[in-house]
Every structure is written in C-alpha cells, then in structure tokens.
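Count along the sequence shown from 1, add 1346, and you get the number used in this note's numbering. All C-beta atoms in this analysis are idealised placements derived from N, C-alpha and C, irrespective of residue type, glycine included. Predicted model only: the values in this text are computed from it and were never measured. Take a look at the structure below.
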Amino acid sequence: MIVLMNFNIANAEAILKLSTTTSTENSGLLAVLNPPFEKRFGVRIDVVAVGTGKALKLGANGDVDVVLVHAPIAEKRFVDQGFGINRQKVMHNYFALVGPKSDPAQITGTTSVLEAFRKIYETKSKFVSRGDDSGTHKKEQELWGALELEPQNEWYISVGQGMGAVLRIADYKRAYTLSDRGTLIAYQDKITLLSFVIGGAELYNPYHVISVNPDQFPQVNYTMASNYIAYLISEEGQRKIANFKKAGQQMFYPRDSTS
C-alpha cells in the first residue's frame, strides 16, 4: 500500500527539482501529473527537460532532487554508482520508427524494426538522429549496434535536439527517425510523418523515477523527492497516467512488473 505523507510546509516557495526526458514534457504528461502534487504539498516543481543522459548527469552532480527517465541500462549504472536510490517503475510505452509517406527505403509492411533499420542503411535514406544521449538516442544506437552497423555520411543527420524538434526536422527533410510514442501522438497534428514500425519487445520503452542519493548530496530535498515517487506510483498517479490520452489514443501505460 502506497502512503503519501501529507503535511504543511511553512515555506510556500519550497522547490522540488526534477530532471526528466523531453518526452514527458513534450507529451504534456507533466502538466497533468505535477499540479495536484504541487497543490497538496505546497511545493513548486522546477522541471529541467533534457535528454536522459543529461538528466542523469544533473542527478550525478547533485543539481536536482529526483530524475524521471527512460534508459534502463544507464539508470541502473546511476544507482550502482551510488548517485540514486529508490528506483521505481512508473510507466511504459513504445518507440516508433516513423518516416515520410514516400517511404524511400520501402519499409512499408515491415514488422521488424531491425529489418527496417537495415533497409534504411542499405538505401542510404535520410535518417534524423537525436544525437543527444537521450533515452531515444540510446535506443537508436542499440538498434544499429544489434545490426553491427555504423551509420554515417550525409544521409545520417545528427542534430542534438529534443524529440519534438527532431520530429519537425525529419518532417521537413522527409526523413526517417525514431520517436517515443507519447511525443509522436502529441505532435501528430504538426507533422505528416507516418508510423512504419511500432511496438514489440525491441521497441519497449519503460520509464523509471529515481531519487538522488542524500548520502552523496545532503542538500537534496529527499523527503519531497520520496513523496513525489510515492505519488507517481500510487493509485492516484497511475490513474492519471492511464487516463492521459490525446484524440482517444493512449500516451503512456501504467507500470507493470517488467524492469
């Protein structure tokens, strides 16, 4: 049973610093999740939305109190190195391979994302990479690595931008890209890209929340971070995640037992 510790805070300007991936911000999820928590605990959540790698780096420097990210291998390393504690599964969705209607790599009907990536590589079709050490970028690198391929040259465009910007760039350049489903749905009215491969074990995208370790960084607001984690995995938090939809489409799914 999850118990949220309700109490009055004398300082109305109390702050909880959260570093998170751009997908939780771009999708609009945090605008739904955070206000009820802020009101209940009299705290302001300062959100820094960056790639997962940068979000974890902020935690490793003790610059934030809690991180919400989606790169399991990097998250486990973060905890193993002593920077984070109380890692909890919050939700999941799936990555999607999207691209232009013209489909220059002819991946229509392809059910394997690895096969689709190979076709993109072999045809040297334009591909926009986030190139920002985000969870999405890490997943993309994992897929190229599984094929033992190293994309390069002018067809492979690394931009170092967030997911929303990458979708717009890929749309403009009529290129393929890998996107998280939440941001993709949020941007569906702004782009003409089509989803070619979505779902499946290779594109599974879990999100975890981790408190920055107060033993390493005594200045962090560990009590409030713990409350925030409890809120996200509580029945209330999970219900808000389950009910968060756009145009009737599910953006994220409540947590399950998969790590």
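Mapping the DSSP letters down to three states, classify residue 1434 as helix, strand or coil.
Residue 1434: strand per DSSP, three-state reduction.
For residue 1530, which of 1448, 1476, 1597 and 1462 has the nearest alpha-carbon?
If you compare the alpha carbons of 1448, 1476, 1597 and 1462 with that of residue 1530, the shortest gap goes to 1597.
In this structure, how does DSSP classify residue 1510 when only helix, strand and coil are distinguished?
helix
Under a three-way DSSP split, which group does residue 1533 fall into?
coil
Cβ contact check for the stretch 1536-1556 and the stretch 1434-1447: 3 or more pairs under 8 Å
yes
Inter-residue Cα distance where the pair is residue 1590 and residue 1457
27 Å
Nonlocal neighbours in the same chain, by C-beta distance under 7 Å from residue 1400, ignoring five residues either side:
Within the same chain, residue 1400 has close Cβ partners 1479.
Spatial neighbours of residue 1460 within its chain, please: CB distance less than 8 Å, with the 5 preceding and 5 following residues excluded, ordered by chain position.
1489, 1492, 1493 and 1548
Do you know whose CA, among 1577, 1527 and 1550, lies nearest residue 1540's CA?
1527
Taking DSSP as the reference, what is the three-state secondary structure of residue 1493?
Residue 1493 falls in the coil class under three-state DSSP.
From residue 1532 to residue 1592, what does the alpha carbon distance come to, in whole angstroms?
A direct Cα-to-Cα measurement between residue 1532 and residue 1592 gives close to 7 Å.
What does DSSP give as the partner residue(s) for residue 1396 in the beta ladder?
1367
Beta-carbon separation of residue 1375 and residue 1412 under 8 Å?
no
What three-state label does DSSP hand residue 1442 in the structure shown?
strand
Does DSSP put residue 1391 in a helix, a strand or coil?
strand
Helix, strand or coil: which one does DSSP assign to residue 1589?
helix
At the level of alpha carbons, what is the spacing between residue 1425 and residue 1418?
11 Å
Decide if residue 1447 is buried, meaning its Cβ has at least 16 other Cβ atoms within 10 Å, or exposed.
exposed
Going by DSSP in three states, residue 1458 sits in which element: helix, strand or coil?
It is coil, neither helix nor strand.
Element boundaries [beta strand (DSSP E), containing residue 1523]:
1523-1526
Is the separation between the beta-carbon of residue 1501 and that of residue 1475 shorter than 8 Å?
The beta carbons of residue 1501 and residue 1475 sit no closer together than 8 Å.
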